[in-house]
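>
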Amino acid sequence: MPVVGLGGLMFRARDPEKLKAWYRTQLGIGGGCVSEGGEQGWRPGTGPAPGEQGHQYMWYPAPGPMVFDPFEAESDRIAADRNVLINLRVRDMEGLLAQLRAAGTEIASDDSYEGVGRFARIHDPEGNPLELWEPPAA
129 MPVVGLGGLM FRARDPEKLK AWYRTQLGIG GGCVSEGGEQ GWRPGTGPAP GEQGHQYMWY
189 PAPGPMVFDP FEAESDRIAA DRNVLINLRV RDMEGLLAQL RAAGTEIASD DSYEGVGRFA
249 RIHDPEGNPL ELWEPPAA
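Using the working numbering, you'd call the opening residue of the sequence shown number 129 and step up by one each time.
(1) Rounded to whole angstroms, what's the CA-CA distance from Pro144 to Leu213? Just pull it up for me.
(2) Just reading off the beta strand (DSSP E) that Glu200 is part of, what are its end residues?
(3) Three-state secondary structure (DSSP) at Gly223?
(4) Taking Asp197 as the reference, give the member of Ile206, Ala190 and Pro191 with the closest Cα.
(5) Leu260 lies in the beta strand (DSSP E); which residues open and close that run?
(6) Let me confirm a value: Val218 is counted as buried when at least 16 other C-beta atoms fall within 10 Å, else exposed. Which label applies?
(7) Could you tell me the alpha carbon to alpha carbon distance between Leu269 and Glu234, rounded to whole angstroms?
(8) Out of curiosity, what's the CA-to-CA distance linking Gln168 and Ala190?
(9) Relative to the C-alpha of Glu242, which residue among Val132, Met186, Ala265 and Met194 is closest?
(10) Is the Cβ-Cβ distance between Arg249 and Glu262 less than 7 Å?
(11) Helix, strand or coil: how does DSSP classify Gln168 here?
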């Protein structure tokens with residue numbers, strides 16, 4: 129297959145710089161961020177290396193699974209006024225949720241499913257829904 133992974137996630141924002149700062153500060157993602165274990169994912173030819181010009185737009189996530197799953201238009205998994213749900217793989221859900229609560233972020237839901245993992249729902253400052261997923265320990 130010619131597609132080897134997700135190359136980027138771009139979306140509109142009323143205040144892009146403020147939203148980028150929130151994602152960087154609260155979730156540790158976005159331009160210039162290297163997730164724990166993510167540095168090994170960078171290879172020559174895949175974009176600017178950490179510290180190089182252009183790196184400020186690159187995020188190097190840790191390797192792992194990614195779900196691609198179009199839902200029925202009537203699905204309640206995604207808010208009726210939205211077309212997309214961003215799901216982010218996390219480590220230490222408990223610590224992350226504590227950090228988010230301390231920063232004033234409301235946790236809309238927090239559920240666990242045996243064999244699948246723990247899921248929490250939040251919204252970024254512009255109301256975009258985010259699902260945090262901590263896969264089960266291997």
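Note that beta-carbon positions come from the ideal geometry of N, C-alpha and C, so glycine has one too.
All of these numbers come straight from a predicted model, not from anything done at the bench.
According to the structure data:
(1) 18 Å
(2) In the DSSP assignment, Glu200 falls outside any beta strand (DSSP E), carrying neither H nor E.
(3) helix
(4) Ile206
(5) Segment Pro257 to Glu262, the beta strand (DSSP E) holding Leu260.
(6) Of the residues assessed, Val218 falls on the buried side of the cut-off, its CB having 16 or more other CB atoms within 10 angstroms.
(7) Summary: the structure shown does not reach residue 269, with the chain confined to residues 129 through 266, and so no result is reported for it.
(8) Its pLDDT being 48, under 50, Gln168 is placed unreliably in this model, and the value from its coordinates should be taken loosely. The alpha-carbon atoms of Gln168 and Ala190 are separated by roughly 8 Å.
(9) Among Val132, Met186, Ala265 and Met194, the Cα nearest to that of Glu242 is on Ala265.
(10) no
(11) Low confidence applies to Gln168: its pLDDT is 48, below 50, so where it sits in the model is not reliable enough to give any reading.
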